[in-house]
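Engineer: Dumping the structure here so I can ask a few things about it.
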Amino acid sequence: KDVTGWQMQVATLVNRGAVVDAALAVERATTALPPDVVHGLVGIIGPDRLTGPLLASSVPGKAGKTVRDVLSHSTHEGVRRLANPAVEEK
Numbered sequence: 068k069d070v071t072g073w074q075m076q077v078a079t080l081v082n083r084g085a086v087v088d089a090a091l092a093v094e095r096a097t098t099a100l101p102p103d104v105v106h107g108l109v110g111i112i113g114p115d116r117l118t119g120p121l122l123a124s125s126v127p128g129k130a131g132k133t134v135r136d137v138l139s140h141s142t143h144e145g146v147r148r149l150a151n152p153a154v155e156e157k
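With the working numbering as the guide, the letters of the sequence shown map in order to residues 68 to 157.
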């Protein structure tokens, strides 16, 4: 899949309200794409959606968690970093 394909997939999922699926697609993309492109995919999801609640049906056992909660447990370091932006340097 090329960059445009990933962008379209993530945007389509977000527009359907499937933010977790979009986040998982971003995680899959991390193995195929450079970090700046992955960062752009996370930008499509948007920080406001990262803190939004998950739909109970979207991820079993995760009701009441936010999208960020799920992403912060990602197996991919880049996704975890994006889910938990570093505290601003002093």
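Just so it is clear, CB atoms sit at the ideal spot from N, CA and C, and this is done for glycine as well.
#1: Nearest to V134 by CA position, among G110, T118 and V81, is which residue?
#2: Which residue's Cα is closest to the Cα of L91: V104, V109 and D103?
#3: Return the chain-ordered list of same chain residues with a C-beta closer than 6 Å to the C-beta of Q76, the five sequence neighbours on each side being excluded.
#4: Check each candidate in I112, H140, S139 and S141 and name the one with the smallest Cα separation from V81.
#5: What does the alpha-carbon distance come out to for the pair D115 and T79?
Structural biologist: Taking the geometry as given:
#1: T118
#2: V109
#3: A92
#4: I112
#5: 17 Å
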